[in-house]
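First the structure, in the form of structure tokens, and then the observations on it.
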Amino acid sequence: MRRVTLVRFMKRSLFFLPAIWLLYVVTEIAVNSNTSDSRKPWLQEEWKKADELRALAMKDVVKRDSSDEIREILNDKAIVEKKVGTEEVKESAHHTEIKTEEAHPEGMQLHKLAEMGGRLVKKKKPEDFESVEFPTFNDNKDWNGPGEGGKPYVIELKNLTADEKSKYNLGWSLNSFNQYASDIISIHRTLPDGRSDACKEQAKEYIATTNMLEISVVIIFHNEAFSVLLRSVHSILSRTPEHLLREIILVDDLSTHADLKQPLEKYFNDFPKVHIVRATKRQGLTRARLLGYFVSTAPVLVFLDSHIECFPMWAEPLLYRIHQEPTAVVFPSIEVIDPEHLSLEANQFVSQNGIFMFKDLTFNWQNIPEFETKKRKSPADPLRITTSILMAFFIPPLQKKKDWAEPLLQRIHEDSQAVPYPNIEIIRDDSLGLGTTIAGSRAIFAWKDLTFQWEFLPQYEKDRRKNDADPIRFWFILSMRS
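Residues in the sequence shown are numbered from 1 upward in steps of one, following UniProt numbering.
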């Protein structure tokens, strides 16, 4: 009986909590209004004391500057000039100033690039590369050559000499693919047009709606095979309309191979749209992509691997989707290059997509769910996926980035006492895929088991809203749908 009585008493006492809270709020308002005026003289007196101390400190600094401190500064300056040389200091300062003036008009953020541990390689005079030699690669444009059209190039090991076998084995050990075959296949090789009839029908619409968009392609590499990297860049240059491609940014994540140093800079020195960024320390894929971002100037960023080849008309469908939905993160359809023969075929029908396996943190392929394929009216329609190897995403202007905050700020402007919350989407715990909350739902805190749950909006809350942009009221709030 005593236990039951205690429980009843605790339940009844909960009814007094709102009254106690209101009493506390009223008391705070009264106290603050009464004491605000009495605090002002005290604050003014403290500010006056602080100003006096600041004035005394400035006098001390002036006195020191006129005597010993000036001598110390002059002595330090003399030591630096003797150690480094006045002319070198002036020359380096001059170059730094020129670099800043060149960077900002183009929209590059070179100061942030340096802070992150990267530097932009400058274009040089041709005579600076006179002694630099290229590694082995095929620069010929022979449409009947090996590997053309994405066809396999088969190497008969029994016909190779001892030296050729050594190079063949070394290429495999360094790259886990047939670098020997890559060095023989042209870096300009052709690929078939793998578009479906539906995509070809929409080609005119793609071109008409994407003329105003430009892309910056960022490629991260670390000890990549020279011929493979060149083929990746040339596939972008030759299969992307010139008015859409603003630049290609090659980010070297501290490679150690000698052919990726001076030879790479020499090769792309005459390509105005190709920039090379060097990391001053090993960054890793994600941070290295940020280095490329700081150099990019186009409104659309495309991140690609360093061992890829682009099919004809690869960029326009991506830009078309971004034109439809500027906040979309779009992914191209991915085909696999055979590591042995470097063959590549275009599949017109996408049946699989890449996923992130959370259990072992690996990338894998899975069949596209049937409910996703049923949403498509034609093979040219986009598919929703969770993750991908290659990705292109749109970085909108600064005004666009504020879109998520503007409804919250507007709500605070309407009611200064409001605590607004944004709409919350869901990241799946099994694949890290981005999902959406159920339409017409809100977040609640379940007291019975102390858990977070979703519930459908009550009818009275739906009736109160004049349109979908009106805020939703919550007691225990985690999100606000708009």
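Glycine is no exception: its CB is placed at the ideal position from the N, C-alpha and C atoms. Quick caveat: nothing in here was measured; it's all calculated off a predicted structure.
Taking C-alpha positions only, Asp193 is separated from Ser176 by approximately 28 Å. Looking only at Lys466, Lys124 and Leu344, the smallest Cα-Cα distance to Pro263 is reached by Lys124. If you draw a straight line from the Cα of Ile236 to the Cα of Asp163, it is about 33 Å long. Collapsing the DSSP output to three states places Arg246 in a strand. Where Phe303 is concerned, the enclosing beta strand (DSSP E) starts and stops at Val300 to Leu304. Each of Gly150, Lys266, Leu318 and Gln202 was checked against the Cα of Ser131, and the nearest Cα belongs to Lys266.
By DSSP's assignment, Ala279 forms a beta bridge with Gly118. Under the DSSP assignment, Ile472 falls outside any beta strand (DSSP E); it carries neither an H nor an E label. According to the DSSP assignment, Phe226 belongs to the alpha helix (DSSP H) that extends over Phe226 to Arg239.
Shown here for Ile185: same chain residues with a beta carbon closer than 7 Å to its own, the five before and five after excluded, namely Asn138, Pro146, Gly147, Tyr153 and Leu342 in chain order. Excluding the 5 residues flanking it on each side, Leu230 has same chain C-beta neighbours closer than 8 Å at Phe137, Ile187 and Tyr267, in chain order. Checking the DSSP bridge columns, you'll see Asp252 partnered with Phe221 and Arg278.
By the CB criterion at 8 Å, Glu247 and His222 fall outside the cutoff. Leu191 sits close to Pro312, with the two beta carbons spaced by under 8 Å. Annotation: the continuous alpha helix (DSSP H) that includes Glu205 extends over Ala203 to Thr209. Asn144 and Ile308 have their C-alpha atoms some 21 Å from each other. In summary, Val419 is exposed, with fewer than 16 beta-carbon neighbours lying within 10 Å of its beta-carbon over all protein chains present. Secondary structure of Gln179 (DSSP, three-state): helix. Annotation for Asp463: the continuous alpha helix (DSSP H) segment containing it runs Gln459 to Arg464.
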